[in-house]
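Numbering that gives the first Met the number 0 numbers the first residue of the sequence shown as 0 and each following residue consecutively.
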Amino acid sequence: MSRVNDVGGQSGFGPISAEEDEPPFHADWEARVYALNVAMLRQGVYNLDQFRDAIERMPPAEYLAASYYERWLHAVETLTANHD
């Protein structure tokens, strides 16, 4: 079964826009989420496959409404809340 992130070959999503000289982070919290994810991966709290899966399991409406780093935050929160 396809998940919401699997849009390969589908149309109707419009072009991907990119800003010229776009910064890697648009807000401080995005950099913090990035750093937190790197730390959790390095500490073995979860692995990259689990991180990706947590993003892909987001409810479709939530996934489509979320920004890139909001999806990352969702995954970090989900995986750390479920960590033993």
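Idealized CB from N, CA, C, for every residue including glycine.
Length of the line joining the Cα atoms of residue i and residue j
i, j, result
"M39", "V75", "8 Å"
"A53", "E29", "18 Å"
"T79", "Y33", "14 Å"
"L47", "R31", "18 Å"
"S16", "Y45", "31 Å"
Identity of the residue in the options nearest residue i by Cα
i, options, result
"R70", "P14, N36, E21, P22", "N36"
Assumed close pair residue i, residue j - CB separation to whole angstroms, cut-off 8 Å
i, j, result
"H73", "M57", "6 Å"
CB contact below 9 Å: residue i versus chain C
i, result
"N46", "The displayed structure is made up of one protein chain only, and chain C is not part of it."
Opening and closing residue of the alpha helix (DSSP H) in which residue i lies
i, result
"N36", "27-41"
"F24", "Counting along the chain, F24 falls outside any alpha helix (DSSP H), and DSSP gives it neither H nor E."
"Y45", "Element bounds for Y45: n/a, residue is neither H nor E."
"R70", "67-80"
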